[in-house]
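Working notes, structure below.
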Amino acid sequence: MLPVAELHGVRPGELTPRILESTQPLVLRGLVADWPLVRAARASQQAASSYLRRFYQGMNVVAMLGRPEIDGRFFYNDDLSGFNFFPANVRLDGVLAELEEHRDDEHPPAIYVGSTTIDSCLPGFRSENDVDLQGRDALASIWIGNRTRIAAHYDLPDNLACVAAGRRRFTLFPPEQLENLYIGPLDFTPAGQAISLVDFRQPDFERFPRFADALPHGQVAELEPGDALFIPSMWWHHVEALERFNVLVNYWWRQSPGYMDTPTSALMHAIMTVRDLPPAQRAAWRQLFDHYVFDADEHTAAHIPPAARRVLGPLDADATRALRAQLLKRMNR
1 MLPVAELHGV
11 RPGELTPRIL
21 ESTQPLVLRG
31 LVADWPLVRA
41 ARASQQAASS
51 YLRRFYQGMN
61 VVAMLGRPEI
71 DGRFFYNDDL
81 SGFNFFPANV
91 RLDGVLAELE
101 EHRDDEHPPA
111 IYVGSTTIDS
121 CLPGFRSEND
131 VDLQGRDALA
141 SIWIGNRTRI
151 AAHYDLPDNL
161 ACVAAGRRRF
171 TLFPPEQLEN
181 LYIGPLDFTP
191 AGQAISLVDF
201 RQPDFERFPR
211 FADALPHGQV
221 AELEPGDALF
231 IPSMWWHHVE
241 ALERFNVLVN
251 YWWRQSPGYM
261 DTPTSALMHA
271 IMTVRDLPPA
281 QRAAWRQLFD
291 HYVFDADEHT
301 AAHIPPAARR
311 VLGPLDADAT
321 RALRAQLLKR
331 MNR
């Protein structure tokens, strides 16, 4: 696997479209090195925890908790009928205390607070620790835990992941490696996104032989406190937190308007309505999808007067709302 391309010297107010619209991952060394949280974390775990407690006002968070035997890997159980961890609604200061209590354990329980909205949980934090995304409407989240492993998954939004404490290793694959990553169930997942069933630390090439074909296309980045990684939409990424205490802040945003539905809905609907058709019918629908979706351009509906194109014309918020209502009416017959 190759190292992810790196940029040095970029400051939080200097994120250009070249970076934020890249179609390849980019490491931004030292992007948030001057954040107060990063400085506190460099001093000690206790200093970082104390800094976070300054902003905490009592909101419960969802923590994922696993026994020491899972070795930090949050995953399914053996037959994929459930998971090897359990979620708990707890106070964040309690999680921080638990992480401090187990800091010196050789085999600690796995503790992980993921994807917690910063503005709700830690109001005021971003006034001291933030980046300028040039007007993009981003969701800022915080991730806190000990040594954990999160299976490879993709996200629809673009992602800027900033390491504030500890170290993280990201292993990334481009979207076209989908068939070589052995993805698990789409509708029963550990945290919302479908994941690779391959254990990246100890790949089972007998069970997952095509994973060997994916490896030459992989990219790896190891981030220190203050470093950041830009992950383009739809890139598969496996995330390992490498220290006894790790904090990551990330920003998600979409390049499409907010009124657009997630394409995952279209995928699930196509599985329900198209996948099991007879082969000839499925091929015909492939032609329709290619014509109206994947190969659509200014010529697709050029033969129809603009005022009569309806869904074949440009969609705005009102048109999308009307189309959604029409779809819901059809589905609820």
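Using UniProt numbering, the first residue of the sequence shown is number 1, and each one after it goes up by one. Positions of the beta carbon are idealized from the N, C-alpha and C atoms, including for glycine.
DSSP-derived helix/strand/coil call for residue i
i: Ile144; result: strand
i: Val90; result: strand
i: Leu96; result: helix
i: Phe289; result: helix
i: Arg126; result: helix
i: Phe85; result: coil
i: Gln219; result: strand
i: Phe173; result: strand
i: His303; result: coil
i: Val249; result: strand
i: Phe205; result: coil
i: His269; result: helix
i: Val163; result: strand
i: Pro3; result: strand
i: Arg42; result: helix
i: Val27; result: strand
i: Leu139; result: strand
In DSSP terms, what residue i is bridged to
i: Ile111; result: Leu65
i: Ala241; result: Arg168
i: Asn77; result: Paired residue(s): none; Asn77 is not in a bridge.
i: Asp295; result: Per DSSP, none; premise fails for Asp295.
i: Ser196; result: Ile183
i: Trp236; result: Phe173
i: residue 336; result: Lying before the first or after the last residue shown, residue 336 is absent from the chain, which here runs from 1 to 333.
i: His102; result: Paired residues: none, contrary to the question.
Assigned exposure category for residue i - 16 Cβ within 10 Å defines buried
i: Ile271; result: exposed
i: Ser50; result: exposed
i: Val259; result: This sequence places Tyr at residue 259; Val is not what is there. So Tyr259 counts as exposed.
i: Ala322; result: exposed
i: Leu327; result: exposed
i: His269; result: exposed
i: Gln177; result: buried
i: Phe211; result: buried
i: Leu223; result: buried
i: Leu160; result: buried
i: Asn332; result: exposed
i: Val311; result: exposed
i: Met1; result: exposed
i: Met59; result: exposed
i: Ser304; result: Here the sequence assigns Ile to residue 304, which means Ser is not the residue at that position. Label assigned to Ile304: exposed.
Opening and closing residue of the alpha helix (DSSP H) in which residue i lies
i: Tyr51; result: Gln45 to Arg53
i: Leu323; result: Ala317 to Met331
i: Ile150; result: Taken as a continuous stretch (DSSP letters only), Ile150 belongs to no alpha helix (DSSP H), being part of the beta strand (DSSP E) at Arg149 to His153.
i: Leu20; result: Pro17 to Leu20
i: Ile231; result: Where Ile231 is concerned, there is no enclosing alpha helix (DSSP H), although the beta strand (DSSP E) it sits in stretches over Ala228 to Ile231.
i: Ser120; result: Ile118 to Cys121
Beta strand (DSSP E) segment containing residue i, residue limits
i: Ile70; result: From DSSP, Ile70 is part of no beta strand (DSSP E); its letter is neither H nor E.
i: Ala214; result: Premise fails: Ala214 lies in the alpha helix (DSSP H), Phe211 to Ala214, not in any beta strand (DSSP E).
- Task: Could you tell me whether the segment 185 to 197 touches the segment 52 to 62, where touching means 3 or more Cβ pairs closer than 8 angstroms?
- Result: no
- Task: Would you check if there are 3 or more beta carbon pairs closer than 8 angstroms linking the segment 199 to 219 to the segment 167 to 174?
- Result: yes
- Per the contact definition of three or more C-beta pairs closer than 8 angstroms, is the segment 71 to 86 in contact with the segment 184 to 192? yes
- Message: Counting beta carbon pairs with one atom in the segment 98 to 111 and one in the segment 120 to 138, are three or more of them shorter than 8 angstroms?
- Response: At 8 angstroms Cβ cutoff, the stretches do not touch.
- Could you tell me whether the segment 237 to 244 touches the segment 28 to 43, where touching means 3 or more Cβ pairs closer than 8 angstroms? no
- Is the segment 34 to 47 touching the segment 243 to 261, taking contact as three or more C-beta pairs under 8 angstroms? With a cut-off of 8 angstroms, the segment 243 to 261 and the segment 34 to 47 count as touching, because enough Cβ pairs lie within range.
- Message: Check whether the segment 65 to 74 and the segment 141 to 149 touch, using three or more Cβ-Cβ pairs below 8 angstroms as the test.
- Response: yes
- Message: Measuring CB atoms only, is the segment 111 to 121 touching the segment 14 to 28, in the sense that at least three cross pairs come out at less than 8 angstroms?
- Response: no
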